[in-house]
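Heads up: the sequence shown at position 149 corresponds to 149 in the UniProt record's numbering, and the numbers run straight through without jumps.
Glycine residues also receive a C-beta, built at the ideal position from the N, C-alpha and C atoms.
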Amino acid sequence: MTADRLSRRDFGRLTGLAGAAVALPGRASASERGWRMTGRWLPGLGEFDATVMGFMEDRAITCGSLAMARNGRLVLARGYTWSTGPVPATSPTSLFRTASVTKPVTAAAVLRLMQDGRLKPDDRAAGLLGLSTSADPRLADVTVLRLLQHLGGWSRERSADPMFDDGAIAGALGKRLPIGQEDIVRHVTSRALDQAPGTAYVYSNYGYLLLGRIIEKVTGTTYAKYVQDAVLTPLAIRRMRLGRTLVPAAGEVTYHSQYKSTTVMDPSGTLVAAPYGSFNHENNAFNCGWLASAVDLVRFARIFDGVTPVLSPASAARAFAPPETGTRGNGRYYGCGWHVRPAGGRTVAWHTGSLPGTYTLLVRRFDGLAWAAMFDQRDDPSGERYRDIDGALHDTADDVGTWPAGDLGGSL
1 MTADRLSRRD FGRLTGLAGA AVALPGRASA SERGWRMTGR WLPGLGEFDA TVMGFMEDRA
61 ITCGSLAMAR NGRLVLARGY TWSTGPVPAT SPTSLFRTAS VTKPVTAAAV LRLMQDGRLK
121 PDDRAAGLLG LSTSADPRLA DVTVLRLLQH LGGWSRERSA DPMFDDGAIA GALGKRLPIG
181 QEDIVRHVTS RALDQAPGTA YVYSNYGYLL LGRIIEKVTG TTYAKYVQDA VLTPLAIRRM
241 RLGRTLVPAA GEVTYHSQYK STTVMDPSGT LVAAPYGSFN HENNAFNCGW LASAVDLVRF
301 ARIFDGVTPV LSPASAARAF APPETGTRGN GRYYGCGWHV RPAGGRTVAW HTGSLPGTYT
361 LLVRRFDGLA WAAMFDQRDD PSGERYRDID GALHDTADDV GTWPAGDLGG SL
């Protein structure tokens, strides 16, 4: 353990006050960055500050947020800013792009429609959406449940991800950028599947695009309105909203990347910062589109406890049931909107999110813990892995001797 990491750990034990500003040793001093922390944690949880701050320093991340709940009680809600200039302080309620942490949200909406009898697991996507099966009759075998579990038959290993292949799709359709969701569906439907539906798990952003359109078809309203009314409002979650590519929402952080790319938002060929135009955020609304705070994500995770008005215990359990393909050799599998893995005789469900300028993590442990971590970048010259935050937070949680009583929920 390095000396500067030890000093961060001591700092975490001794402080926890909102708005604290310090210059930590090592890299922070060398870069003249200063720390600002906002929010609160209950006694005994200050070690999480050291974990997140060390992770951010190693990757030169400017903004981060962490929220944690235990048995439905909010026990930690923190915002972290490590900056040199007039960057607004990150708060526990700052909005970040959730990226693929949107998928558990979409899955919750679909499960609610199943619970209400408005959808069935074996309903066919082609029939619901009026998709032609002439290019591949196997498309008729793509069910709602298979879409939820990434068993639809599209492979990113054999074909490019159509949700991030705007230029090629525009060229194939003879259109100018930007393309829309209708263009993506038209293009993919005109091509053969990569494999038979239900035979192999292959992660598919496009499958969740179809699920969002099914939600709109069945409900007769917009995806955003149905999710807000049926999934978020019952838990008093009101800050979440769909993000936009070029127009930030009030309270949304600024995203950073070391890369630039040609914009897909117009045909100009302009080179832009990767988070702002290298992909079309609006097209990815149903698979990567929500903005959320870390606090709201851990509140959302309670839906899958089966104790809220949103999902019954049976509907919540369906989210974590193994798919028809079974589990992989290591016991892992993808349920309905969640990755699931065995852990110490229990299970852990989680989802990561990754877009240019965004890295997010939502974890739900079956010992009553849930947490959300969010950052305003996913790449930097250090080459450090961003997924390492997962193990670091599990380790810190496992080291907590006695979890405190109390609930911060009423103050955030």
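Whose C-alpha, out of Thr189, Pro248, Met114, is nearest the C-alpha of Tyr206?
The sequence position of residue 206 within the sequence shown is 206, counting from 1. Per the Cα distances, Thr189.
With distance defined between alpha-carbon atoms, name the residue in Asn330, Leu355, Pro356 nearest to Thr347.
The sequence position of residue 347 within the sequence shown is 347, counting from 1. Considering only alpha carbons, the answer is Asn330.
Helix, strand or coil: how does DSSP classify Cys63 here?
Taking the sequence shown and counting its residues from 1, one reaches residue 63 at position 63. Cys63: strand per DSSP, three-state reduction.
Please report how far the alpha carbon of Gly409 lies from the alpha carbon of Ile169, in whole angstroms.
Locating residue 409 in the sequence shown gives position 409, counting from the first residue. Locating residue 169 in the sequence shown gives position 169, counting from the first residue. Those two C-alpha atoms are separated by around 45 Å.
Using 8 Å as the cut-off, can you tell me whether the stretch 367-381 makes contact with the stretch 52-60, which would need three or more C-beta pairs spanning the two stretches below that distance?
Yes: at least three Cβ pairs fall under 8 Å.
CB-CB under 7 Å to Ala21, same chain, minus the five flanking residues each way: which ones, in chain order?
Along the sequence shown, read from residue 1 onward, the residue named residue 21 stands at position 21. Reliability fails at Ala21, whose pLDDT of 34 lies under 50, so the model's placement of it is uncertain and the value that follows must be treated cautiously. Closer than 7 Å at Cβ, skipping near neighbours: Gly34, Trp35, Arg36.
With a CB to CB cut of under 7 Å and the five nearest residues on each side skipped, what residues in its chain are close to Glu282?
Residue 282 sits at position 282 when you count from the first residue of the sequence shown. Closer than 7 Å at Cβ, skipping near neighbours: Arg244, Thr245.
Note down, in chain order, each residue of its chain lying with its Cβ closer than 6 Å to the Cβ of Gly72, except the 5 sequence neighbours on either side.
Along the sequence shown, read from residue 1 onward, the residue named residue 72 stands at position 72. Arg302, listed in sequence order.
Is the separation between the beta-carbon of residue 433 and that of Pro197 shorter than 9 Å?
Absent from the model: residue 433. The displayed extent of the chain is 1 to 412, so no value can be given.
Suppose the cutoff is 6 Å on Cβ atoms and the five residues either side in sequence are ignored; what does the same chain contact list for Ala285 look like?
The residue labelled residue 285 in the question sits at position 285 within the sequence shown. Answer for Ala285: Leu242, listed in chain order.
Within 10 Å of its beta-carbon, does Ala67 have 16 or more other beta-carbons around it, so buried, or fewer, so exposed?
As a working mapping, residue 67 is identified with position 67 in the sequence shown. It counts as buried.
Using three-state DSSP, classify Ser83 as helix, strand or coil.
Position 83 of the sequence shown, counted from the first residue, corresponds to residue 83. The answer is strand: DSSP assigns Ser83 an E or B state.
Could you work out which residue in Thr262, Gly64, Leu74, Glu324 is closest to Leu45 when comparing CA atoms only?
One-based indexing of the sequence shown puts residue 45 at position 45. Ranking Thr262, Gly64, Leu74, Glu324 by Cα distance to Leu45 puts Leu74 first.
Using a Cβ cut-off of 9 Å (strictly closer), state whether Arg299 contacts chain B.
Within the model displayed, chain B is absent; a lone protein chain is all it includes.
Tell me the DSSP bridge mates of Pro342?
Position 342 of the sequence shown holds residue 342. Looking at the DSSP assignment, Pro342 forms a beta bridge with Thr347.
Where does Asp398 fall in DSSP's three states?
Mapped onto the sequence shown, residue 398 falls at position 398. Correct three-state label for Asp398: helix.
Using CA atoms only, rank isn't needed, just tell me which of Gly368, Glu32, Leu311, Val272 is closest to Met114.
Along the sequence shown, read from residue 1 onward, the residue named residue 114 stands at position 114. Per the Cα distances, Leu311.
Rounded to whole angstroms, how far is the Cβ of Thr360 from the Cβ of Ala77, which I believe are closer than 8 Å?
As a working mapping, residue 360 is identified with position 360 in the sequence shown. As a working mapping, residue 77 is identified with position 77 in the sequence shown. The Cβ separation is near 16 Å, so there is no contact.
Keeping to the same chain, check which residues put their C-beta closer than 6 Å to that of Thr263; ignore five residues upstream and five downstream.
Here residue 263 is taken as the residue at index 263 of the sequence shown, counted from 1. Contacts found: Thr270, Val272, Gly277.
For Ser257, I'd like the list of residues in its chain whose CB is within less than 8 Å of its CB, leaving aside the five on either flank, ordered along the chain.
Numbered from its first residue, the sequence shown carries residue 257 at position 257. The answer, listed in chain order, is Ala273, Ala274, Pro275, Pro356, Gly357, Gln377, Arg378, Asp379.
Looking only at its chain, what residues have a beta carbon closer than 6 Å to the beta carbon of Arg186, apart from the 5 residues adjacent to it on each side?
Here residue 186 refers to the residue found at position 186 of the sequence shown. Here the set comprises nothing.
Would you report the Cα separation of Trp338 and His351, rounded to the nearest angstrom?
By 1-based counting over the sequence shown, the position of residue 338 is 338. By 1-based counting over the sequence shown, the position of residue 351 is 351. Distance between the alpha carbons of Trp338 and His351: 6 Å.
Do the stretch 209-221 and the stretch 117-127 meet, that is, are 3 or more Cβ pairs less than 8 Å apart?
The stretch 209-221 vs the stretch 117-127: in contact.
The alpha helix (DSSP H) with Leu111 in it runs from where to where?
In the sequence shown, counting from the first residue as 1, residue 111 sits at position 111. It spans 102-115 - the alpha helix (DSSP H) in which Leu111 sits, taken as one unbroken run.
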